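To start, the structure under review is shown below, and the notes come after it.
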Amino acid sequence: MKVAEAVGRALVAAGIGQVFGVVGSGNFHLTNAMTAAGARFVAARHEGGAATMADAYTRVGATVAALSVHQGPGLTNALTGITEAAKSRTPLLVLAAEVTEPRSNFHIDQDALMRAVGAVPMRITSAEEAVAQALEALRYALHERRTVLLNLPLALQALEVPGEVPRAVPPPAREPVEPTRADVDALAGLLAAARRPVFVAGRGARADGAGDALEALAECHGALLATSAVAHGLFHGNPWSLGVSGGFSSPLASELIASADLIVGWGCALNMWTMRHGTLIGAGTAVVQVDDDPTALGAHQELRLGVTGDVTRTARRVRAAADGKQQGLRTPDIAEALAARGRRRDVPYEDTSGAGRIDPRTLTVALDDILPAERVIGVDSGNFMGYPMAYLSVPDENGVCFTQAFQSVGLGLATAIGAALARPDRLPVAALGDGGALMGAADLDTVRRLGLPMVVVVYDDDGYGAEVHHFGPGGHPLHTVEFPETDLAALARGYGFEAVTVRTPADLGAVREWLAGPRSAPLLVDAKVVKDRGAWWLEEAFRGH
Numbered sequence: 003m004k005v006a007e008a009v010g011r012a013l014v015a016a017g018i019g020q021v022f023g024v025v026g027s028g029n030f031h032l033t034n035a036m037t038a039a040g041a042r043f044v045a046a047r048h049e050g051g052a053a054t055m056a057d058a059y060t061r062v063g064a065t066v067a068a069l070s071v072h073q074g075p076g077l078t079n080a081l082t083g084i085t086e087a088a089k090s091r092t093p094l095l096v097l098a099a100e101v102t103e104p105r106s107n108f109h110i111d112q113d114a115l116m117r118a119v120g121a122v123p124m125r126i127t128s129a130e131e132a133v134a135q136a137l138e139a140l141r142y143a144l145h146e147r148r149t150v151l152l153n154l155p156l157a158l159q160a161l162e163v164p165g166e167v168p169r170a171v172p173p174p175a176r177e178p179v180e181p182t183r184a185d186v187d188a189l190a191g192l193l194a195a196a197r198r199p200v201f202v203a204g205r206g207a208r209a210d211g212a213g214d215a216l217e218a219l220a221e222c223h224g225a226l227l228a229t230s231a232v233a234h235g236l237f238h239g240n241p242w243s244l245g246v247s248g249g250f251s252s253p254l255a256s257e258l259i260a261s262a263d264l265i266v267g268w269g270c271a272l273n274m275w276t277m278r279h280g281t282l283i284g285a286g287t288a289v290v291q292v293d294d295d296p297t298a299l300g301a302h303q304e305l306r307l308g309v310t311g312d313v314t315r316t317a318r319r320v321r322a323a324a325d326g327k328q329q330g331l332r333t334p335d336i337a338e339a340l341a342a343r344g345r346r347r348d349v350p351y352e353d354t355s356g357a358g359r360i361d362p363r364t365l366t367v368a369l370d371d372i373l374p375a376e377r378v379i380g381v382d383s384g385n386f387m388g389y390p391m392a393y394l395s396v397p398d399e400n401g402v403c404f405t406q407a408f409q410s411v412g413l414g415l416a417t418a419i420g421a422a423l424a425r426p427d428r429l430p431v432a433a434l435g436d437g438g439a440l441m442g443a444a445d446l447d448t449v450r451r452l453g454l455p456m457v458v459v460v461y462d463d464d465g466y467g468a469e470v471h472h473f474g475p476g477g478h479p480l481h482t483v484e485f486p487e488t489d490l491a492a493l494a495r496g497y498g499f500e501a502v503t504v505r506t507p508a509d510l511g512a513v514r515e516w517l518a519g520p521r522s523a524p525l526l527v528d529a530k531v532v533k534d535r536g537a538w539w540l541e542e543a544f545r546g547h
């Protein structure tokens with residue numbers, strides 16, 4: 003058996019069941035070997051989209067996907083998606099062919115490229131060790147939660163594996179990190195002394211059992227529950243949930259978080275976005291961070307206590323140490339306030355729809371009512387993105403995939419595709435701006451080709467709204483970031499979509515009709531949104547630039 007086939011088959015036997023990519027000569031045999039062994043391969047129309055699909059699939063499906071690309075330009079095309087995955091600590095395996103001849107047109111320093119964006123390069127170095135090296139790359143990605151590049155030199159791919167091909171098995175599960183007794187006691191003491199505790203759960207709380215463990219501990223101490231954007235939906239249905247902490251919060255949620263005397267970040271970085279540049283932390287508030295990576299502790303905020311430990315294990319052990327039950331912030335007045343205005347959609351606003359354009363708040367509230375509750379949403383980056391994040395509800399932490407660690411525009415459609423394949427039981431929804439929609443338009447073909455019953459919502463303001471609203475008030479010329487109106491619905495029809503242009507709430511009747519029908523083709527909603535003001539969160543967001 004040749005190395006390319008042996009490696010491909012071994013990775014599938016070890017647990018890789020989903021592969022995304024664009025196939026060229028360098029990864030042709032490897033990819034075919036993986037499909038022959040039972041993996042599903044999804045061909046994207048661009049490697050950048052394929053990388054983001056693999057990232058989103060892994061995040062939502064909680065199982066490692068692989069990205070397969072050609073040497074040189076195949077890898078560079080995928081670079082933005084790989085960077086997003088690396089920054090998010092997504093355990094993703096990138097399989098790239100490699101040429102070692104410096105005079106080849108395809109030659110680049112692929113190791114240096116990956117190190118530059120935070121991924122970990124590894125390599126097949128011999129036919130004898132090929133399978134073992136491939137399995138080590140997969141183990142490292144899983145156990146270290148890193149995006150790993152496995153270079154497969156072309157010359158080695160074509161060699162025969164000497165002797166019997168080693169048997170491949172899935173790597174053992176990553177061992178949860180147990181907190182120390184001293185840290186458990188210290189956190190239990192801080193919670194016992196707190197009168198206004200708030201929990202903020204992040205990516206590290208998306209593991210099985212973490213949500214239930216945190217809810218039980220919060221009930222014991224009267225804590226309110228919030229999440230970072232990437233864990234949105236974790237506490238869905240809990241009457242003491244504040245939703246997302248940070249720029250997407252409701253005013254009431256921000257007020258309550260800022261009033262806390264103890265904030266505990268559970269697998270959450272507590273960064274400038276989640277804590278609004280520190281403004282959600284009161285002057286006398288104690289801050290605790292729980293993370294199984296000790297290097298993450300205190301990276302963004304000064305801590306009273308840093309606990310190295312798995313979120314679920316730590317929450318359960320602290321709960322077991324509790325003595326009695328506290329009211330905390332769980333008072334009748336706060337319960338009544340959360341029921342009345344806990345969501346941003348409950349906050350009154352002046353509807354600015356008119357002149358052939360719809361207020362994005364009105365649009366998103368209507369969509370929240372129309373779309374089935376069982377949904378999985380992929381969100382792109384831009385001025386618009388606060389609307390789907392703050393106004394669309396999700397059933398749980400796997401109801402939204404938020405690929406924003408690199409803050410790149412153009413990843414939203416691919417994010418929704420990857421998430422849709424990980425959760426075929428839910429209606430996939432892509433929330434995009436017009437800029438991001440056009441950047442990723444090639445993969446509208448992938449949506450149609452896969453037969454995904456997806457709703458693609460484009461918040462279409464004829465420009466890069468973040469720049470328009472950031473620089474416009476200063477009197478700067480905006481011709482470089484504004485564009486003529488584009489018929490995105492016509493473009494989508496060309497890809498085989500059903501499509502509707504929305505200028506008023508009445509136009510959303512077409513969405514209801516599509517939902518009631520066979521959904522045999524995906525639907526694109528070209529929503530011509532008002533463009534006379536920036537989103538509420540935008541001014542604060544630009545403080546981080």
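The numbering of the sequence shown is the numbering used here, which starts it at 3 and goes up by one.
Glycine included, C-beta positions come from ideal geometry on N, C-alpha and C.
None of these values were measured; they are calculated from a predicted model.
In the three-state reduction of the DSSP assignment, VAL171 falls in the coil class, being assigned neither a helical nor a strand state.
By the criterion of at least three beta-carbon pairs nearer than 8 Å, the segment 457-469 is in contact with the segment 523-532.
Within the model, the alpha-carbon separation for GLY536 versus THR354 is close to 13 Å. Secondary structure of PRO362 (DSSP, three-state): helix. Relative to the Cα of VAL378, the nearest Cα in the group ASP348, ASP427, LYS327 belongs to ASP427. Spatial neighbours of GLY63 in its own chain (CB-CB distance under 6 Å, excluding positions within 5 residues in sequence) are listed in chain order as ALA424. DSSP, reduced to helix, strand and coil, places LYS327 outside both helices and strands of the structure shown, so it counts as coil. Secondary structure within the segment 466-535: the alpha helix (DSSP H) runs of 4 or more consecutive residues, fully enclosed, are 467-473, 490-496, 511-518 (chain order). A straight line joining the alpha-carbon of ILE18 with that of VAL167 spans about 18 Å.
With 16 or more neighbouring CB atoms inside 10 Å of its own CB, ASN79 falls in the buried class.
Annotation: SER106 to GLY442 spans about 30 Å, alpha carbon to alpha carbon.
In this structure, the straight-line span from the alpha carbon of GLN329 to that of LEU227 is close to 14 Å. For ILE283, there is no enclosing alpha helix (DSSP H), as DSSP marks it with neither H nor E. Taking 7 Å as the cut-off, the beta carbon of GLN112 is found no closer than this to the beta carbon of ILE126.
Taking all protein chains in view, the Cβ of TYR393 is crowded by 16 or more other Cβ atoms within 10 Å, so the residue is classified as buried. Taking a C-beta distance under 7 Å as the contact criterion, PRO507 and ALA322 do not qualify as a contact pair. A contact between stretches requires three or more CB pairs, one per stretch, nearer than 8 Å, and the segment 143-163 meets this requirement with the segment 78-96.
The Cβ neighbour count for VAL290, taken over all protein chains shown within 10 Å, is at least 16; the residue is labelled buried. Taken in chain order, the unbroken stretches of alpha helix (DSSP H) that lie wholly in the segment 297-355 and span 4 residues or more are 313-322, 334-343. For MET116, the enclosing alpha helix (DSSP H) begins and ends at 112-119. In the three-state reduction of the DSSP assignment, SER256 falls in the helix class.
In this chain, VAL179 is not harboured by any alpha helix (DSSP H), its DSSP state being neither H nor E.
A direct Cα-to-Cα measurement between ALA52 and GLN73 gives close to 15 Å.
Following the DSSP letters along the chain, one finds THR229 inside the beta strand (DSSP E) bounded by residues 226-229. When Cβ pairs closer than 8 Å are counted between the two stretches, the segment 382-400 is seen to touch the segment 430-438, the count reaching three or more.
Within the same chain, ALA52, LEU69, SER70, VAL71 come within 6 Å of GLY23 by CB-CB distance, once the 5 residues on both sides are set aside.
In the DSSP secondary-structure assignment, ILE265 is bridged to VAL200, VAL289.
For GLY420, the three-state secondary structure derived from DSSP is helix.
Annotation for ALA68: the continuous beta strand (DSSP E) segment containing it runs 68-71. In the structure shown, MET456 adopts coil according to DSSP, grouped into three states. With fewer than three CB-CB distances shorter than 8 Å, the segment 128-146 does not count as touching the segment 191-208. Taking every protein chain shown into account, the CB of ALA207 has 16 or more other CB atoms within 10 angstroms, so this residue is buried. Look at GLY380 here: in three-state DSSP terms it is strand. Counting C-beta atoms within 10 angstroms of its own C-beta, THR405 has 16 or more neighbours from the protein chains shown and is therefore classed as buried. Under the DSSP assignment, VAL402 falls in the beta strand (DSSP E) whose first and last residues are 402-404. Just so you know, the alpha carbons of VAL122 and HIS471 end up roughly 38 Å apart.
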